[in-house]
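From first to last, the protein sequence lines stand for chains C and X. Residue numbers in the first sequence follow our numbering, run continuously in steps of one, and reach 158 at the last position. Residue numbers in the second sequence follow our numbering, run continuously in steps of one, and reach 158 at the last position. Each remark here refers to the structure printed beneath this line.
There are 2 protein chains.
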Amino acid sequence: MRYSHKLSDAVHILAYIEIYHDDSLSSTAIAASVESNPALVRRLMVALRQAHLLTTQQGTSQPRLTRSPSDVTLLDIYRAVEDEPNLLHVDDKTNPLCIVGGNIQATLREAYQEVQHAAETQMAQITLERLITQIWTRQRQREAADQAEN
Amino acid sequence: MRYSHKLSDAVHILAYIEIYHDDSLSSTAIAASVESNPALVRRLMVALRQAHLLTTQQGTSQPRLTRSPSDVTLLDIYRAVEDEPNLLHVDDKTNPLCIVGGNIQATLREAYQEVQHAAETQMAQITLERLITQIWTRQRQREAADQAEN
DNA sequence: AAAGATGTAACAATACGAGTAACAACTAGA
DNA sequence: TCTAGTTGTTACTCGTATTGTTACATCTTT
């Protein structure tokens, strides 16, 4: 399985907008935090906007979250940015004349659906608020560690 | 997310070996059912062999399952063939000087781990025996449907 | 008007899965 | 023993998806 960072970067963007809501929220500034480029940020923000997770206004560097972070879950973000909703994928090119090839697709689809449901149930329990809280907690821990070092 | 068929094809191979254990089990025959090529089948069989899910003997087209299908789960097969064990992936290239960039990696790693655990728990409950049973059930249903049609 | 930002598209670079081919080593049967 | 068929393994190519890069029309603010 190849790996994309869409979900991680989307969470990053939302958390950035929430944490730095008083600073510049230009795609360039956000891209600097993601260590990526403004176009990627804007592309992801299109998906987040279509999912009604944030609002933007052309020309103004002022994206805003439309929902409370306590009301946004990892599942919402996942569905917003991942155009392929499934974590596991059935090989849809098997020999229909074979007992295995003719029946394994539907069988695996059902099994994968159970795995998907378990994963999504867990994703639905992880709120953006919790993630932001943990980011702050880790930040304070790092600052305390830096203090102790000096 | 890009998608591979390694897991599906590996399940296919194991089910094929179990169901057609009295027929030819050459990589060419299996590849015909997967509608793939013998090299792919052999590559996957290497991983399955290293995970002690089957035994092979060079030159003989007689792979054998080493465990009872009731004792092999989707998780076993998943871990055998997927070299990247994680379904979700953290962007490990973020700006450490930013509150978000400096703390989101560890935060997401923890969250993703919970999702991974939920998915793997479900995978561990799906046995190869169950999958094979369902393949047979669907086969009988198809045969009955074909009968009714004529 | 000018500067800076977004929205969007086109293209290149990159990475990875999968297909293909080739060949040494091994097995089984004539 | 010889031969055909198979596995184990490697190298290369191809197709596809993500990401990086660039460009530019459109919008907002000063």
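Glycine included, C-beta positions come from ideal geometry on N, C-alpha and C.
Rounded C-alpha distance that separates Gly67/C from Ser32/C: 13 Å
Thr63/C lies in the beta strand (DSSP E); which residues open and close that run? Note, Thr63/C: beta strand (DSSP E), Leu62 to Gln65.
Along chain C, which residues have their Cβ under 8 Å away from the Cβ of Met131/X? Val123
Assuming Thr74/C and His60/C make a contact with CB atoms under 8 Å, what is their CB distance in whole Å? 6 Å
For Met9/X, the three-state DSSP class (helix, strand or coil): Any reading at Met9/X is ruled out, since the residue's pLDDT is 43, under 50, leaving its predicted position unreliable.
Identify every residue that forms a DSSP beta bridge with Arg72/X. Thr63/X
Against chain X, with Cβ distances strictly below 8 Å, would Asn158/C count as a contact? no
Let's see if you can read the secondary structure: which residues bound the alpha helix (DSSP H) around Lys14/X? Lys14 to Ile27
Could you tell me which residues DSSP puts in a beta bridge with Thr81/X? Thr135/X
Using a Cβ-Cβ cutoff of 7 Å, what residues of the region 98-109 of chain C are near chain X? List them in chain order. Val98, Asp99, Lys101, Thr102, Asn103, Cys106, Ile107, Val108 and Gly109
So, at 8 Å on beta carbons, what are the nonlocal neighbours of Asn103/X in its own chain, with the 5 sequence-adjacent residues on each side left out? Contacts found: Gly109 and Gly110.
Using a Cβ-Cβ cut-off of 8 Å, state whether Gln66/C counts as contacting chain X. At a cut-off of 8 Å between beta-carbon atoms, Gln66/C makes no contact with chain X.
Buried or exposed for Thr81/X, going by 16 or more other Cβ atoms inside 10 Å? Buried, by the Cβ-count rule.
Tell me whether Lys14/C is buried or exposed, calling it buried when 16 or more other Cβ atoms sit within 10 Å of its Cβ. buried
Closest by CA to Leu116/X, which one among Glu122/C, Ala114/C, Met131/C and His125/C? Met131/C
Chain X contact for Met9/C (CB, 8 Å cutoff): Residue confidence is low: Met9/C scores 39 on pLDDT, short of 50, so the model does not pin down where it sits. Its coordinate-derived value is still stated next. Yes, Met9/C lies at the interface with chain X (some Cβ there is under 8 Å from its Cβ).
Span of the alpha helix (DSSP H) holding Leu48/X? Element bounds for Leu48/X: Pro46 to Gln58.
Nearest to Ala18/C (by Cα), restricted to the options Tyr28/C, Ser76/C, Asp30/C and Arg57/C: Arg57/C
Helix or strand or just coil, what does DSSP make of Ser41/X? In the structure shown, Ser41/X sits in a helix (DSSP, three-state: H, G or I).
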